[in-house]
DNA sequence: GCCGTTTTCGGCCCGACTGTTTTCAGTCG
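Numbering (our numbering), first residue to last: -12 to 571.
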């Protein structure tokens, strides 16, 4: 069984236990195991083979035993009991936001309701109010929750949510009384998709701000409204959480509502073990029975960490992985920044489906302060993108040579144009280009654009063939996903990462906002196993070069440093890697 | 179910809002 398959089963166990009213800490233990497994850098089967299951944090006797059961026989007694005891349709009721496990359990037991449809009917027929603890208002709120659940968007891609949230934050900042407003939550951590929008608002006139917020045109429905919190639905059909606070609390609030829940729980634990207390209003110590704040009013996020004796933890890392432990021992990575990039290695021109010429792209790169840029137009298979056949690729080489001369005449030797191709990986794993030409190019990016609906084994074999090909330097957008539109290919990423490590093949974080591919978890895993990364905008225009920031977000979430990313290197080091592979 | 500078039992993050049983349980983040 794969890690994911095991994680899904532990999740199912936890969900079922919740409806059954099991001990919440027991449920939390299973949920923690799910999160841990999702982030593991190694298949559980491999970890078990080397006797390492007990070293995994949160894995005790019971969870290790069940993991072994899943690995050896594909199931375990508790899983069978739980799936038997609690039908999937019952869990679907509890999955509706606003309807929780206690409600589901009560209605299941008292009225025998086992599905969302039955729940809706019972509420409409006013049968729910007959149950102790339930009234007409609850009936109404159930109907609204079901209806809202149908309208509610799935998680939205960051590239849609981020510009929207920035505009909304700006609108909030201009409301009466507001001194500062900022988008927080997973959006601020730059997660590739977001399930809701969080905002932190500092105000000197809470009543006026509270009254003005529901008037914002983006907000279509107010779900909750209190003195420090307003929850609404916005016209993207996303939940919006707005937290109001005093200006002096802004830093603490922003910290709390920007960090992942797991990070906050761990940070509270850390604070407690150092005799301190942290919440969304600050950091406190208790001196002779009196609680005192140990941060200044108007403290920013770094002051919060400083009060706990920790260095500042960049927001992208606050997922509750191992960042607090790393911070405590002074081992946080120096995250890569946009200014670290010396060039990009995967761009298109008018030769295929780009809108700028080679010369225009080169000058745009120079304007960005780059030292190099690789031109990598499509190979012939990608007909819709006007892919280059052998003759056109040879002709393009001539133009690249001419542009190089002209650039040298105008700018000297401070900039280097690299010649390359984005070659398609065919269904059998071979490349859509002739050996002799590939060998003459500075750089070969191999990607899949066609026939991506194969089985996992076939897709994995195909990418592995490309990795083994000595001409291939980089695997482009390795999982082929399009956020919100197309799922990633089914691939065995561990096998791919291992092969890339062995052959010195570089893996791309493609920065197209709708790709962000590979994702942060894979990038981190690849890096931990010695694979080098490249971040590229895959630009199809001059403006396209600036899309790099979306890949930067992923790289930072993965904890990458400039050393991990080859297009931060100076040219000679980069060329050595393109010639011999990126082996450590 | 997990864990330990409070170590094999007794804790486990905690604050905001809603609805209802009008003092607190349920839900969420």
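All C-beta atoms in this analysis are idealised placements derived from N, C-alpha and C, irrespective of residue type, glycine included. If you're wondering where the values come from, they're calculated on a predicted model, not measured in any experiment.
With burial defined as no fewer than 16 other Cβ atoms inside 10 Å of the residue's Cβ, what is the status of residue i: buried or exposed?
i	result
residue 383	buried
residue 127	exposed
residue 220	buried
residue 437	exposed
residue 492	buried
residue 19	buried
residue 242	buried
residue 188	buried
residue 239	buried
residue 214	exposed
residue 426	exposed
residue 392	exposed
residue 401	exposed
residue 432	buried
residue 397	exposed
residue 222	exposed
residue 12	exposed
residue 390	buried
Since I believe residue j is in contact with residue i (beta carbons under 8 Å), could you give me their beta-carbon distance rounded to a whole number of angstroms?
i	j	result
residue -1	residue 80	The pair is not a contact, with the Cβ atoms about 15 Å apart (cut-off 8 Å).
residue 323	residue 518	So it is not a contact: roughly 15 Å between Cβ atoms.
residue 92	residue 7	7 Å
residue 177	residue 540	4 Å
residue 270	residue 295	6 Å
residue 158	residue 225	Between residue 225 and residue 158 the Cβ distance is about 16 Å, and since that is not below 8 Å, they are no contact.
residue 123	residue 102	Actually they are not in contact, since the Cβ atoms of residue 123 and residue 102 sit about 22 Å apart, beyond 8 Å.
residue 31	residue -7	6 Å
residue 78	residue 3	7 Å
residue 450	residue 412	7 Å
residue 599	residue 86	The displayed coordinates of the chain run from -12 to 571. Any statement about residue 599 would go beyond what the structure contains.
residue 574	residue 61	Only positions -12 to 571 of the chain appear in the structure, and residue 574 is not among them; the question remains open.
For residue i, I'd like the list of residues in its chain whose CB is within less than 6 Å of its CB, leaving aside the five on either flank, ordered along the chain.
i	result
residue 185	171, 172, 228, 244
residue 307	247, 249, 250, 253
residue 138	224
residue 650	Residue 650 lies beyond the range of the chain shown here (-12 to 571); nothing can be said about it.
residue 502	464
residue 286	238
residue 341	335, 527
residue 116	122, 123, 126
residue 150	none
Only counting the same chain, and skipping five residues up and downstream in sequence, which positions put a Cβ closer than 7 Å to that of residue i?
i	result
residue 355	532
residue 475	466, 467, 468
residue 565	429, 430, 460
residue 235	284, 285
residue 26	308, 508
residue 482	447, 451
I'd like to check one pair, residue j with residue i: are the Cβ atoms closer than 9 Å?
i	j	result
residue 179	residue 523	no
residue 334	residue 526	yes
residue 495	residue 458	no
residue 110	residue 133	yes
residue 360	residue 321	no
residue -3	residue 24	yes
residue 106	residue 148	no
residue 28	residue 304	no
residue 162	residue 168	yes
residue 164	residue 201	no
residue 471	residue 141	yes
residue 447	residue 478	yes
residue 232	residue 190	yes
residue 319	residue 257	no
residue 104	residue 329	no
residue 369	residue 339	yes
residue 73	residue 94	no
residue 440	residue 484	no
residue 135	residue 204	no
Might you give, ordered along the chain, the residues of its own chain that have their beta carbon closer than 8 Å to the beta carbon of residue i, omitting 5 neighbours on each side?
i	result
residue 45	16, 19, 20, 23
residue 283	290
residue 145	174, 177, 178, 179, 180, 181, 470, 500, 503, 537, 540
residue 486	451, 454, 455, 492
residue 569	491, 492, 493, 518, 519, 553
residue 379	338
Next item on the list: Any chance you could list the alpha helix (DSSP H) runs of at least 4 consecutive residues sitting entirely within the region 297 to 379, in chain order?
Entry: 310 to 315, 345 to 354
Next item on the list: Kindly provide the ranges of any alpha helix (DSSP H) runs that are 4 or more residues long and lie completely inside the region 372 to 449, ordered along the chain.
Entry: 377 to 398, 422 to 425
Check: Fully enclosed by the region 458 to 538, which beta strand (DSSP E) runs are 3 residues long or longer?
Finding: 493 to 497, 520 to 523
Check: Could you give the uninterrupted runs of the alpha helix (DSSP H) lying entirely in the region 226 to 283, keeping only those of 4 residues or more?
Finding: 237 to 245, 248 to 260
Next item on the list: Output the residue ranges of the beta strand (DSSP E) runs that lie fully inside the region 142 to 185 and measure 3 residues or longer, sorted by chain position.
Entry: 165 to 171
Next item on the list: Report the residue ranges of all alpha helix (DSSP H) runs contained in full by the region 193 to 222; include only those spanning at least 4 residues, in chain order.
Entry: 193 to 199
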